[in-house]
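Residue 151 in the UniProt record's numbering sits at position 151 of the sequence shown, and the numbers go up by one each step.
All C-beta atoms, glycine included, are put in the ideal place defined by N, C-alpha and C.
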Amino acid sequence: MKRIAVYCGAAAGNDPAYQQATLQLADWLVANQLELVYGGGGVGLMGLLANEVLTAGGKVHGVMPKELADRGAALTKLTDLQIVANMSVRKQTMLALADGCIALPGGPGTLEEIIEAFSWARIGDNDNPCVFYNVAGYYDPLRQMFDDMTAKGFLTPADRQKLLFSDSLAEILPFMNSYVPPKVRTYPQASGL
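The structure is reproduced here in structure tokens:
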């Protein structure tokens, strides 16, 4: 494990616990000699995370779509910043650079990124472990939804175990280090419904 992609809000949220957890995650990354891969922004939890990692002496790799960079969204003092064509390339690049994925609280973009990473793992296109850093219970409803998917036959119990929801940084690295990607799904001869 060398680099972790962190998905999080371009807003800070209205609970100070989100900002506090972001600072703790930044310090945890540096303490564990893990480099940050993130969306390249300078505002909200994204900016707070990147600035804290840099202040603590860590390395930060940003990946930002040209459209957002042209609007001034990029944090320019990063270890390196890649400007890419669009959001799809951004997500692919972040996954390629990272060895694991963590979602802090965030909005629809954060959810899209981490859920896509997990979905891609299920079809064999992503070997990175995915974790929801469940600060102040933010992701409790989503955890319940994944449990319901499993109970209702849309997600296998084995695959559900490949996705961690945790409010403990101490639990995340052992999960990532012991992670084995889901078995790639195969599709026997389609027989219709």
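C-alpha of Gly44 to C-alpha of Gly9: approximately 6 Å in a straight line.
By the Cβ rule, the region 57-67 does not count as touching the region 174-191, because fewer than three pairs are nearer than 8 Å. Val30 carries a helical assignment under DSSP once its states are collapsed to helix, strand and coil. Approximately 7 Å separates the beta-carbon atoms of Ala21 and Tyr133; this is inside 8 Å, confirming the contact.
Take the alpha-carbon of Thr150 and the one of Lys162: they are about 12 Å apart.
Secondary structure note for Arg3: its beta strand (DSSP E) is the uninterrupted segment Arg3 to Tyr7. Distance between Ala98 and Val37, taken at the CA atoms: about 7 Å. Non-local beta-carbon contacts of Leu23 in its own chain, meaning distances under 6 Å to residues more than five positions away in sequence, involve Glu52 in chain order.
In the DSSP annotation of this structure, the continuous segment of the alpha helix (DSSP H) that includes Gly44 starts and ends at Gly44 to Thr55.
Looking at the DSSP output, Glu35 shares a beta bridge with Arg3.
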